[in-house]
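Peer 1: In mature numbering (1 follows the signal peptide of the UniProt record, and there is no 0), the protein residues as written are -25 to -1, 1 to 303.
Structure in structure tokens, see below.
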Amino acid sequence: MPRRRKPLLLLGVSVLALAWPASCADPVLFPVAKDAATSLYTIPVRDGANHVIDLAGPLLWSTCASDHLPAKFSCGDPVCKLANAYRPPGCREAGQPCKQQCKAYPYNPITGQCAAASLIHTRLVANTTDGKNPLRQVSVRAVAACAPRKLLASLPRDAAGVAGLAASGLALPAQVAASQRVASKFMLCLPRRDEGVAIFGGGPLFLLPESAIGDFTYTTLLSKRGSSSYYLPVKAIAVGKARVPLPRDALATGGVVLGTTAPYTALRADVYRPLVDAFGKALTREWNNTRRVAAVAPFELCYDSKTLPGPTRIGWLVPDIDLVLEGG
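Here is the structure:
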């Protein structure tokens, strides 16, 4: 397990759905891929150009192209207000007052860099779906930020920008909903190796044979004023069904952040240490033949795989780590 001194961050996102009124139009589908070099997830939203998925991103942005149509919004235009609803963390440029023409401030979630950028009109290519198969190709009208190439640093080599999925008026879910007249909700299924899927606009959705989206249980997502991130209301953490003893109020800071731009779950020190200790004890209790080996960065707790039970098609038979959410 890696040792990180950061806020709680959950990355094992398989399905995320935001519920709004239903729509009669067909949902819109984008394939999702995982970049092997960076472990970032991408979708081909424009002419096959990949955009990195940022679950907390409030904008759609890409590098400038000759076929982009300038979008001249005034400082008081509602679109300009949407473009600046969330200030990127640590972005000095975003603190500059708007003068005549609206500027947006696209943000690289990996490097933390931002830049002032003009807004442009663009079209995204996607397919509609019946929940099981693609149906027909559609063109999605969108407003995006035209960013300088330096903002692509540390993104996958074939990436042209970032597709934000936050609950913001200029993020991808809201723009697909407005252009295609579908419900403003989405499902995100992230792949381990092969292809995943992002579906915007509701269902019916079928993830596996005989398994519909209605078969899942749900929990409420939280939001914080001034933040574009999604939060899970976590009440406790359990290892092997036993709750981990954590300091009082350790999980009472507003929830666990959902993210798609870091490769591992990050924990504060006061949560990390009890969790690692509980996992080590639970594994030894269930399988006392396990053998510790030298740690491999960034991990601390490492074992000889020959002494672990398994593997199976879903991994090693080690104690489960569960997040206990509100509502059970």
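Positions of the beta carbon are idealized from the N, C-alpha and C atoms, including for glycine.
(1) Mind reading off the beta-carbon distance from Val115 to Gln155? Whole number of angstroms is fine, and I expect it under 8 angstroms.
(2) For Leu126, which residues of its own chain have a beta-carbon under 7 angstroms away from its beta-carbon, when the five flanking residues on both sides are left out?
(3) With a threshold of 16 other CB atoms inside 10 Å of the CB of Leu44, please say whether the residue is buried or exposed.
(4) Within this structure, are the beta carbons of Leu30 and Gly234 separated by less than 8 angstroms?
(5) Applying the criterion that 16 or more other CB atoms from any shown protein chain within 10 Å of the CB defines a buried residue, is His26 buried or exposed?
(6) Taking Cβ to Cβ, would you say Ala120 is nearer than 8 angstroms to Ala92?
(7) With DSSP as the reference, label Lys216 as helix, strand or coil.
(8) Give me the Cα-Cα distance between Asp224 and Lys160, rounded to the nearest whole angstrom.
(9) My output table needs one value for Lys125: the three-state DSSP class, helix, strand or coil.
(10) Step through the CB atoms of chain B and report whether any lies within less than 8 angstroms of the CB of Tyr205.
(11) Decide if the region 161 to 178 is in contact with the region 251 to 269; the criterion is three or more beta carbon pairs, one per stretch, under 8 angstroms apart.
(12) Rounding to the nearest angstrom, what Cα-Cα distance links Asp52 and Arg124 in this structure?
(13) Would you call the region 6 to 17 in contact with the region 129 to 140, where contact means no fewer than 3 C-beta pairs closer than 8 angstroms?
(14) Is Leu147 helix, strand or coil by DSSP?
(15) Within a Cβ cutoff of 8 angstroms, which residues of the same chain sit near Pro148, ignoring the five residues on either side of it in sequence?
(16) Quick check on Arg243: does DSSP put it in helix, strand or coil?
(17) Using alpha carbons as the reference points, say which of Pro6, Val299, Ala173, Phe48 lies closest to Ala213.
Peer 2: A quick look at the data gives this:
(1) Taking 8 angstroms as the upper bound for CB-CB distance, Val115 and Gln155 are in contact here, some 6 angstroms apart.
(2) Pro81, Asn83, Gln88, Ala90
(3) exposed
(4) yes
(5) buried
(6) yes
(7) coil
(8) About 32 angstroms.
(9) helix
(10) The structure shown contains no chain B, having only a single protein chain.
(11) Too few Cβ pairs lie closer than 8 angstroms, so no.
(12) 27 angstroms
(13) yes
(14) In this structure, DSSP gives Leu147 a helical state, which the three-state scheme calls helix.
(15) Leu(-8), Leu140, Ala142, Ser159, Lys160, Phe161, Phe175
(16) coil
(17) Val299
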